[in-house]
Amino acid sequence: MMQRVAKIFFKCSILTSTQTPYFDTVDELQQHVWHQCSGHPQAQGSFSWLYFLLLSYSTLILTQSAAINTVSGVNMTTRRQMLKIKGMSEAKVEKIKEAAHKILGSSFATGVEIQDKRKRVLVISTGSKSVDGILGGGIMSQSISEVYGEFRTGKTQLAHTMSVVAQLPPDLGGASGKVAYIDTEGTFRPDRIKSIADRFGVDGQMALENILYGKGFFSCRYRTALTMFSLAARAFNSEHQMELINECSLRFAEDKDFRLLIVDSIMALFRTDYSGRGELSERQQKMLSKLTKLSEEYNIAILLTNQVQSDPGATMTFVAGGALKPIGGHILSHASATRIFLRKGKSILLTDFAGSNVYNPPGRAEERVAKLVDSPDRPESEASYKLDEGGWADV
60 MMQRVAKIFF KCSILTSTQT PYFDTVDELQ QHVWHQCSGH PQAQGSFSWL
110 YFLLLSYSTL ILTQSAAINT VSGVNMTTRR QMLKIKGMSE AKVEKIKEAA
160 HKILGSSFAT GVEIQDKRKR VLVISTGSKS VDGILGGGIM SQSISEVYGE
210 FRTGKTQLAH TMSVVAQLPP DLGGASGKVA YIDTEGTFRP DRIKSIADRF
260 GVDGQMALEN ILYGKGFFSC RYRTALTMFS LAARAFNSEH QMELINECSL
310 RFAEDKDFRL LIVDSIMALF RTDYSGRGEL SERQQKMLSK LTKLSEEYNI
360 AILLTNQVQS DPGATMTFVA GGALKPIGGH ILSHASATRI FLRKGKSILL
410 TDFAGSNVYN PPGRAEERVA KLVDSPDRPE SEASYKLDEG GWADV
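Just so we're aligned, residue 60 is where the sequence shown starts under this note's numbering, counting upward by one.
In structure tokens, the structure reads:
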């Protein structure tokens, strides 16, 4: 036990000041133990103090089995939830909670401290400068962004585009990081990733060798796209979708280079798995709560695509979407910090000189409109974009 604590402490001590991680893994609880005991000789003689600090390795394994992989994650989890973990007792929960509080300190912060924390927010381009303009630069980390619209508005194309852009350097609109992609509809296409990579000057074959795509728990050997390393997984039901999200939590804790998590689409499986509102809303809340925690724990951007449904009761056409509304109800709307409604651009019908053939001008059919419906710091506004071989682009 002590040898493992010493090993963890040594590994963490070799980090330079420029490599300060955004989050602490649960192993930091044991590092905290070692630091406290080595710095306070009088504590070493107190069995109760030593028992309090020396959290057993098996106890930390229990927390990780429940997808709690960081010290912040311990703080974000209620005592009631931790007691549901098999093997956990009230005494263990209290000791873990108290040790986590000692590491993280007070939950309160000044406005200046919050401002400094916001400087670490990452911004990832959508591929369209006009859309980036209304978003303040692109999709941001530490929050959930949702895009919704009817078919052929480019939701999945945005997911593919950002899978490439997120791995570009910041000066090119990226975050120099990795991507996790959860596919619930089977629409992930390696060929699209390759064509988008070509647009940004990334070698297609090199890109196709570095994504891990699996129809399950990230275990399939079929490799597909991106420049650094990405995870993609196909979810087949809502329970599997939640398991994949928990698996992402473990991967993010092990590898601090992840910058973007995409779920395409967030509610598709819930529509088929549940018909009643009671159980559906509970599972929705649980999943969205986990996604919110992931974004804040690991400083990653989360992009959700969503479908729409008709709203027969809608009479005000000036409301974004008119008679269309995103599925998921108020639960999803409150979880998403940024909501973007996508619609097809208006077509201009022209006739030839004989007045017979009606057609659209070249390129007009690909035009789409993104409307920023909800944002904590940006006003409602619209921007046009188009879909082409390179993904989302300016008209």
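Don't be surprised by glycine CBs; every beta carbon is placed ideally from N, CA and C. Because the structure is a prediction, the values reported are computed rather than measured.
Minimum C-alpha distance to residue i - residue among the options
i    : options                : result
A394 : I321, E298, P438, E205 : E205
R437 : G164, R248, D191, D316 : D191
M199 : F295, R211, L319       : L319
A256 : S222, E157, K445, A294 : S222
I144 : H299, T136, A125       : A125
I203 : E302, R398, T212       : R398
G146 : N305, E439, T122, V133 : T122
Q201 : Q368, V454, L350       : L350
H160 : G132, S148, G170       : G132
L303 : D314, A239, F317       : A239
A360 : A150, K237, G213, I173 : K237
T212 : E439, S440, A429, D453 : A429
E298 : P228, A396, E341       : E341
M301 : R258, F317, I241       : I241
Inter-residue Cα distance where the pair is residue i and residue j
i    : j    : result
I183 : A218 : 12 Å
R282 : R248 : Note that R282 scores a pLDDT of 34, beneath 50, so its modelled location is shaky; the value from the coordinates is reported in the next line. Those two C-alpha atoms are separated by around 12 Å.
G186 : R138 : 43 Å
E356 : I127 : 11 Å
K253 : A312 : 28 Å
S235 : A168 : 29 Å
I155 : M141 : 10 Å
S443 : V322 : 24 Å
G260 : L353 : 31 Å
K188 : L231 : 11 Å
L309 : L163 : 20 Å
K445 : M135 : 40 Å
G210 : V152 : One detail in the question is off: residue 210 reads as Phe in this sequence, not Gly. Roughly 47 Å between the two C-alpha positions.
N358 : V130 : 14 Å
D175 : L194 : 21 Å
A225 : R251 : 15 Å
G245 : E157 : 44 Å
E448 : R293 : 24 Å
K40  : K315 : Past the boundaries of the shown model lies residue 40; the chain is included only from 60 to 454, so the question cannot be answered.
E439 : G197 : 15 Å
S392 : D453 : 28 Å
E306 : A382 : 37 Å
V171 : P229 : 25 Å
E425 : I173 : 41 Å
F317 : S166 : 25 Å
G233 : A396 : 20 Å
L227 : E149 : 46 Å
R258 : T220 : 10 Å
S369 : E441 : 22 Å
Beta-carbon spacing of residue i, residue j below 8 Å
i    : j    : result
Q343 : G387 : yes
G208 : L401 : yes
G404 : R427 : yes
T243 : L328 : yes
N296 : I325 : no
I390 : L362 : no
C-beta neighbour in chain B for residue i, strict 8 Å
i    : result
A382 : Included in the structure is just one protein chain, with no chain B present.
- Jot down the residue ranges of each uninterrupted beta strand (DSSP E) in the segment 220-263, minimum 3 residues, whole runs only, in chain order. 237-242
- Task: Tell me, please, whether the segment 172-181 touches the segment 434-448 by the rule of three or more beta-carbon pairs shorter than 8 Å.
- Result: no
- At 4 residues or longer, and completely inside the segment 167-219: list those alpha helix (DSSP H) runs for me, N to C. 170-177, 188-194
- Item | Length at least 3, wholly inside the segment 381-405: the beta strand (DSSP E) runs in chain order | 383-385, 397-403
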